[in-house]
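Asks: Quick one: the structure is below, questions incoming.
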Amino acid sequence: MAAAAAAAGSLLFALVVLCALAGADSAGPNALSGVTSALNARLKNLTDTFASQVRQELGYCIQDTDREWNTTFNFSSDPAFLVNCMMQGDLDLRQRVCTAAELKFYFQSILYTSGKKNYVKPNKNCNLTAWIDGCEPGWGCTADHEVDLEDANNFPSRTLDCSGCCPGFFCPHGLTCMIPCPLGAYCPQSTLNETTGVCDPYNYQPPPGKTNHTCGGADRWSDVMSTDDVFCPAGYYCPSTITKLDCSSGYYCRKGSTSQTKCLSKGSCKPNSATQDITIFGAMLVGALSLMLLVIYNFSDQLLTNREKRQAKSREAAVKHARETVQARERWKSAKDVAKKHAGSLQNSLSRTFSRKKTLRTHESSKEGGGGGLHATEPDADPSKESGGKKNNTDMMRSLEDNHGKDEGFNVEAGEKKKTKGKHAHTQSQIFQYAYGQIEKEKALELELEQQPNLLGVISMATDEDVRARPRIEIAFKDLTLTLKGSKKKLLRSVTGKLMPGRVAAVMGPSGAGKTTFLSAIAGKATGCAASGTILINGKIEPIRAYKKIIGFVPQDDIVHGNLTVQENFWFNARCRLPVEMSKAEKVLVVERVIDALGLQPVRDSLVGTVEQRGISGGQRKRVNVGLEMVMEPSVLILDEPTSGLDSASSLLLLRALRREAVEGVNISMVVHQPSYTLYNMFDDLILLAKGGLTVYHGPVKKVEEYFQGLGIVVPDRVNPPDYYIDILELIVKPNTNAAVDVKDLPLRWMLHNGYEVPRDMLQSASGSGSSFSREAGGHASHEAESKKSAVGELWGNLRDILGQKKDEFDYNKSSEDLSNRKTPGILRQYKYYLGRCGKQRLREARIQGVDFLILGLAGICLGTLAKVSDETFGALGYTYTVIAVSLLCMIGALRSFSLEKIHYWRERASGMSSLAYFLSKDTIDHFNTIVKPIVYLSMFYFFNNPRSSIWENYIVLVAVVYCVTGIGYTFAIFFLPGSAQLV
15 MAAAAAAAGS LLFALVVLCA LAGADSAGPN ALSGVTSALN ARLKNLTDTF
65 ASQVRQELGY CIQDTDREWN TTFNFSSDPA FLVNCMMQGD LDLRQRVCTA
115 AELKFYFQSI LYTSGKKNYV KPNKNCNLTA WIDGCEPGWG CTADHEVDLE
165 DANNFPSRTL DCSGCCPGFF CPHGLTCMIP CPLGAYCPQS TLNETTGVCD
215 PYNYQPPPGK TNHTCGGADR WSDVMSTDDV FCPAGYYCPS TITKLDCSSG
265 YYCRKGSTSQ TKCLSKGSCK PNSATQDITI FGAMLVGALS LMLLVIYNFS
315 DQLLTNREKR QAKSREAAVK HARETVQARE RWKSAKDVAK KHAGSLQNSL
365 SRTFSRKKTL RTHESSKEGG GGGLHATEPD ADPSKESGGK KNNTDMMRSL
415 EDNHGKDEGF NVEAGEKKKT KGKHAHTQSQ IFQYAYGQIE KEKALELELE
465 QQPNLLGVIS MATDEDVRAR PRIEIAFKDL TLTLKGSKKK LLRSVTGKLM
515 PGRVAAVMGP SGAGKTTFLS AIAGKATGCA ASGTILINGK IEPIRAYKKI
565 IGFVPQDDIV HGNLTVQENF WFNARCRLPV EMSKAEKVLV VERVIDALGL
615 QPVRDSLVGT VEQRGISGGQ RKRVNVGLEM VMEPSVLILD EPTSGLDSAS
665 SLLLLRALRR EAVEGVNISM VVHQPSYTLY NMFDDLILLA KGGLTVYHGP
715 VKKVEEYFQG LGIVVPDRVN PPDYYIDILE LIVKPNTNAA VDVKDLPLRW
765 MLHNGYEVPR DMLQSASGSG SSFSREAGGH ASHEAESKKS AVGELWGNLR
815 DILGQKKDEF DYNKSSEDLS NRKTPGILRQ YKYYLGRCGK QRLREARIQG
865 VDFLILGLAG ICLGTLAKVS DETFGALGYT YTVIAVSLLC MIGALRSFSL
915 EKIHYWRERA SGMSSLAYFL SKDTIDHFNT IVKPIVYLSM FYFFNNPRSS
965 IWENYIVLVA VVYCVTGIGY TFAIFFLPGS AQLV
């Protein structure tokens, strides 16, 4: 490529010189300015003439021919070599320079041989039959007749006045014409080396036996990899092709330099320096970069810590204020009750005294014969007559009592009411005072509820006048059946029932009974299955996925961001999923209420924890997993084994929080394994499933024992009823001999008991031996059907199941129908929330980022040291290593962006959050690496390798490389599993 570029450039310039000289008269000092101006004028014309041909041959490296000429072949600043050549003897320069046809012939030879040969093919003047002195290297001849320098077709005859090439020109071996050397070349007259017998510095020998044939000029010009004979040597600079000057101190000159380049520091460049020593600057840059990253890491950590401390102080002050307010209210109530009691007895005593005095006065006045009667005055026990301090306390207590049900805060010390209603709370202190004031009121009303069981809607009573009523959703299902699309395996069969708002339903059954599948079907998340039957939402046939904004689904696995605190996890979900019209104070109230209800106050500012970093306990993590759905105030809450792994106290705390949600009208259903008797009695309804997804019981918990007693199944003493029923369904325990029904017929009995339509195959199974029904209840096909299935058919069925599952997931997430009447934040606002969350995660992962930067720096040192720059290769090997190293190292970081959070993304996407906002936030934060990683690498590589290109040019290229590689890494991370993505 270098040979091709050089050839094209020389072709352009040579033609320009020829045409310029054709318009000039015989050479002389006075003709200098004329030649220069003519040269420049002819150049523009020839550039346009040969531009198309140059682009066709060398378009991959030459785009702008004018700019290339100005960089390499503009001799207007010092055309002295032209004058010297024209003044040398009686030479006619116009008749000695090559024509367009000769130039094309020479440079085509270079292109075809890649510059490896220093001679051209035989031609009209130099061939086997005619070989004159001008055919030797460094020599040229005059044309036999007038020539047209722009003629690109006819090869002229040159056999007259053969002599050495002029300085500044080169005469190729096998051609009898001269071609000007380009800028950056040094083409002096050669001299014979008596020792070696070659013409220095061009390394060609004069023809033997010709004593009058002396050394001429340069013999060729080609790319630097083929020959460096005519290039200006390193440590020198050549302002013209016949002048070579030493490089001064404080400057450096690479090979082919036309001017000196100033060093960053004068001490880093001695006289005749080919490069500057900038290793010290690299060390300084590394130190500065390390210091900056260290400051950012410490500052970011300190920033998050200080912010959490400020919030903690505000919360503590708000909690203290709220508790003092409640205590003051309680003291005022107690004092008021005592005052009323004493006031009643005092009033009775005064009434009796006043009655006796009035009777006595009336009797005395009647004795005196009339007169103005005296008007009795009742004693007034007005509290305002007390001391000032007591008056202030009394006013405060009256204010507390009068505003018992309003959303206002109080200053206990001053006795004055502060208006901190949620809609008007703006400062952090006001928001926390409002939130904890409401929470303390709710706790007080809960105590009243224990004394007055008829009180309902505790939380609604504690909120302001504009009570937010959650939409109530009733889910009814009839003959609900789920069948895998590929293998035709039935997961649920003829399930009929209803889930009511304001009630907590427990789904129980043995393993393989389809409990999770049932709840997934209710939530519209049963993918890869063909569903039959009817699901009604509030009595209407509507898709349940249209209500996904107000449906909370708690998965069995604890899908929680481990590098965020408990409060940060809750607050992010609340901001993204609560209605956009809710004020910040109301959202804070929701979050604080959930944290308090789940007993997570002690760990609210603790990181949840990851595999590498320990965080909160497993039970607390499980409660955080549930709280993520509670903070969005759902109308339907579905939980998959929320009590698994929790102790009895944590399970009781969680279920109390869920009961509190049910008071608000939330429809709650959950899969539960082995609940204690206390927990079991806290449920309203029980859904008991047998293997194969068949319903055994669906109704109130209070009537389940009565129903099974009617079937002859009695729970023994000191045995937990749900455990006993599940053991019977698992055939671990046999019911007592008085049972009137076979265990395998329990689903059929339930259908007949409620008048449901019974499938025909179930009736046939019940009337037969029961073995086939048992297999049906286990969810397996008959033995005959199993035997007929081939291995290929089973494999194809499984593949169809997987494809159907992926298709259903895509359809669920892309559904745009929304019947929830909840307007959540838009894409831009969610992008803002995602950006804040992602920024915190990156700040807490600063050590991982530091390791990435360290590896990049070490790679830069190694590659910069090993791949030394040479003037022949221009550091191409180092650039190749750089692209490979930076691409691999940056792709690893890009894979982490999405691979490790894929399950979190699936959960958030299923809840209605914006995928676009999530992706854009990740990409925005990763732009920090796109900008910084090239700097880290170049801070080592550039100053240890010192390439010819500038650091800014290297940086631009690496930024583009990192950006492209990051996009490729995103693609692998999104479409492949983490392990497969790293292998790809």
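Numbering follows our numbering, with no gaps: position 301 of the sequence shown is 315.
For glycine and all other residues, C-beta sits at the position ideal for the given N, C-alpha and C.
Taking 8 Å as the threshold (C-beta atoms), are H687 and H918 in contact?
Replies: Here residue 918 corresponds to residue number 904 of the sequence shown, with the count starting at 1. Here residue 687 corresponds to residue number 673 of the sequence shown, with the count starting at 1. Cβ atoms of H918 and H687: not closer than 8 Å.
Asks: Looking at T143: is its Cβ nearer than 8 Å to the Cβ of C155?
Replies: Here residue 143 refers to the residue found at position 129 when the sequence shown is read from its first residue. Here residue 155 refers to the residue found at position 141 when the sequence shown is read from its first residue. Not in contact: T143 and C155 (Cβ atoms no closer than 8 Å).
Asks: Exposed or buried, Q627, counting other C-beta atoms within 10 Å across all chains shown (16 or more means buried)?
Replies: For the purposes of this step, residue 627 is taken as residue 613 along the sequence shown, with counting starting at 1. Answer is exposed; the Cβ neighbour count stays below 16.
Asks: Pop quiz: I564 and P485 are said to be a contact at Cβ under 8 Å. What is the actual Cβ separation, rounded to whole angstroms?
Replies: Numbered from its first residue, the sequence shown carries residue 564 at position 550. Numbered from its first residue, the sequence shown carries residue 485 at position 471. Between P485 and I564 the Cβ distance is about 6 Å, and since that is below 8 Å, they are a contact.
Asks: Quick check on E798: does DSSP put it in helix, strand or coil?
Replies: Within the sequence shown, residue 798 is the residue found at index 784, counting from 1. The predicted model places E798 with a pLDDT of 41, which falls under 50 and marks its position as unreliable, so this point remains unresolved.
Asks: Could you check the C-alpha separation between N207 and G230 for me, to the nearest Å?
Replies: Walking along the sequence shown from the start, residue 207 turns up at place 193. Walking along the sequence shown from the start, residue 230 turns up at place 216. Those two C-alpha atoms are separated by around 13 Å.
Asks: Judging by CA-CA distance, which residue of N167, C904, S658, D147 is the nearest neighbour of D571?
Replies: Locating residue 571 in the sequence shown gives position 557, counting from the first residue. Among N167, C904, S658, D147, the Cα nearest to that of D571 is on S658.
Asks: Between the stretch 689-708 and the stretch 665-676, do at least 3 Cβ pairs fall closer than 8 Å?
Replies: Yes, since at least three Cβ pairs between the stretch 689-708 and the stretch 665-676 fall closer than 8 Å, the two stretches touch.
Asks: For D654 versus L506, is the C-beta distance shorter than 8 Å?
Replies: Translated into the one-based positions of the sequence shown, residue 654 becomes position 640. Translated into the one-based positions of the sequence shown, residue 506 becomes position 492. Cβ distance not < 8 Å, so D654 and L506 don't count as in contact.
Asks: Reducing DSSP to helix, strand and coil, say where V568 ends up.
Replies: Translated into the one-based positions of the sequence shown, residue 568 becomes position 554. Looking at V568 - three-state DSSP - the assignment turns out to be strand.
Asks: When we look at the beta-carbon of D233 and count the other beta-carbons within 10 Å, is it buried (16 or more) or exposed?
Replies: As a first step, residue 233 is located in the sequence shown; it is residue number 219 there, counting from the start. Looking at its Cβ environment, which holds 16 or more other Cβ atoms inside 10 Å, D233 is buried.
Asks: In angstroms, rounded to a whole number, what distance separates the CA positions of T767 and T709?
Replies: Position 753 of the sequence shown, counting from 1, holds the residue named residue 767. Position 695 of the sequence shown, counting from 1, holds the residue named residue 709. The sequence given here has His at residue 767, not Thr. Between H767 and T709, the C-alpha separation is close to 12 Å.
Asks: Express the C-alpha separation of R337 and I558 in angstroms, rounding to a whole number.
Replies: Looking up residue 558 in the sequence shown gives position 544. Looking up residue 337 in the sequence shown gives position 323. Approximately 43 Å, taken between the alpha carbons.
Asks: Is the beta carbon of G566 less than 8 Å from the beta carbon of P648?
Replies: Within the sequence shown, the letter at position 552 stands for residue 566. Within the sequence shown, the letter at position 634 stands for residue 648. Result yes, Cβ atoms of G566 and P648 sit closer than 8 Å.
Asks: Short check: CB of M646 to CB of A588, under 8 Å?
Replies: Along the sequence shown, read from residue 1 onward, the residue named residue 646 stands at position 632. Along the sequence shown, read from residue 1 onward, the residue named residue 588 stands at position 574. For M646 and A588, yes; Cβs fall inside 8 Å.
Asks: In the structure shown, what three-state DSSP assignment does A16 receive?
Replies: Walking along the sequence shown from the start, residue 16 turns up at place 2. Note that A16 has pLDDT 43, beneath the 50 cutoff, so the model's placement of it is unreliable and no number is given.
Asks: Would you list the residues sitting across from Y126 in a DSSP beta bridge?
Replies: As a position in the sequence shown, residue 126 is number 112, starting the count at 1. The partner list for Y126 (beta bridge, DSSP) is empty, contrary to what the question assumes.
Asks: Go through its chain and collect everything with a Cβ distance to Q102's Cβ below 7 Å, but skip five positions before and after it.
Replies: The count along the sequence shown starts at 1 and reaches residue 102 at position 88. The residues are C180.
Asks: Please look up how many angstroms separate the CB atoms of L621 and T579, rounded, as I've assumed it's under 8 Å.
Replies: Residue numbering aside, residue 621 sits at position 607 when the sequence shown is read from its first letter. Residue numbering aside, residue 579 sits at position 565 when the sequence shown is read from its first letter. Indeed they touch by this definition, with Cβ atoms about 6 Å apart.
Asks: Decide if D39 is buried, meaning its Cβ has at least 16 other Cβ atoms within 10 Å, or exposed.
Replies: What you label residue 39 is simply residue 25 of the sequence shown in a count that begins at 1. Because the pLDDT of D39 is 41, which lies under 50, any placement of that residue in the model is unreliable, and the question is left without a value.
Asks: Return helix, strand or coil for G385, following the three-state DSSP convention.
Replies: On the sequence shown, position 371 is the one that residue 385 refers to. Per-residue confidence for G385 stands at a pLDDT of 44, beneath the threshold of 50, marking its modelled position as unreliable; no derived number is given.
Asks: Per the contact definition of three or more C-beta pairs closer than 8 Å, is the stretch 952-971 in contact with the stretch 291-299?
Replies: Because the criterion of three Cβ pairs below 8 Å is met, the stretch 291-299 and the stretch 952-971 touch.
Asks: Determine the extent of the alpha helix (DSSP H) in which K854 is found, giving its start and end residues.
Replies: In the sequence shown, the residue the question calls residue 854 occupies position 840. Run containing K854: 841-858, per the alpha helix (DSSP H) assignment.
Asks: Going by other Cβ atoms of all chains shown within 10 Å of its Cβ, with 16 needed for buried, is E150 buried or exposed?
Replies: For the purposes of this step, residue 150 is taken as residue 136 along the sequence shown, with counting starting at 1. That one is buried.
Asks: So, at 6 Å on beta carbons, what are the nonlocal neighbours of R324 in its own chain, with the 5 sequence-adjacent residues on each side left out?
Replies: Position 310 of the sequence shown, counted from the start, is the residue given in the question as residue 324. Correct list: empty, nothing qualifies.
Asks: At the level of alpha carbons, what is the spacing between C267 and R962?
Replies: The count along the sequence shown starts at 1 and reaches residue 267 at position 253. The count along the sequence shown starts at 1 and reaches residue 962 at position 948. Going by the C-alpha atoms only, they are around 11 Å apart.
Asks: Which of helix, strand or coil does DSSP assign to R484?
Replies: Stepping through the sequence shown from its first residue, residue 484 is reached at position 470. DSSP places R484 in coil when its eight states are reduced to three.
Asks: Please work out which residues of its chain come closer than 8 Å, Cβ to Cβ, to V871, disregarding the five sequence neighbours upstream and downstream, and give them in chain order.
Replies: Sequence index remark: in the sequence shown, residue 871 carries index 857 (1-based). Looking at the sequence provided, one finds Gly at residue 871 rather than Val. Around G871: V300, V950, Y951, S953, M954.
Asks: In the DSSP assignment, what are the bridge partners of L653?
Replies: Mapped onto the sequence shown, residue 653 falls at position 639. According to DSSP, L653 bridges with V568, M684.
Asks: The beta strand (DSSP E) spanning M522 covers which residue range?
Replies: Locating residue 522 in the sequence shown gives position 508, counting from the first residue. Per DSSP, M522 belongs to the beta strand (DSSP E) from 518-522.
Asks: Taking the CB atoms as reference points, tell me whether V755 and G726 lie closer together than 8 Å.
Replies: Within the sequence shown, numbered from 1, the residue matching residue 755 stands at position 741. Within the sequence shown, numbered from 1, the residue matching residue 726 stands at position 712. The answer is yes: Cβ separation under 8 Å.
Asks: Alpha carbons only, please: which of K138, S925, V518, V212 is nearest the one belonging to L642?
Replies: For the purposes of this step, residue 642 is identified with residue 628 of the sequence shown, where counting begins at 1. Looking at the Cα atoms, S925 is the closest of the given residues.
Asks: Does the separation of the CB atoms of D162 and S171 fall below 8 Å?
Replies: Locating residue 162 in the sequence shown gives position 148, counting from the first residue. Locating residue 171 in the sequence shown gives position 157, counting from the first residue. Their beta carbons are not under 8 Å apart, which means D162 does not touch S171 by this criterion.
Asks: Taking just the CA atoms, how far does G713 sit from L991?
Replies: Counted from its first residue, the sequence shown places residue 991 at position 977. Counted from its first residue, the sequence shown places residue 713 at position 699. About 43 Å.
Asks: I need the boundaries of the beta strand (DSSP E) containing V244, first residue and last residue.
Replies: Residue numbering aside, residue 244 sits at position 230 when the sequence shown is read from its first letter. From DSSP, V244 is part of no beta strand (DSSP E); its letter is neither H nor E.
Asks: For the alpha helix (DSSP H) that contains P736, what are its first and last residues?
Replies: Here residue 736 refers to the residue found at position 722 when the sequence shown is read from its first residue. From DSSP, the alpha helix (DSSP H) with P736 extends over 735-743.
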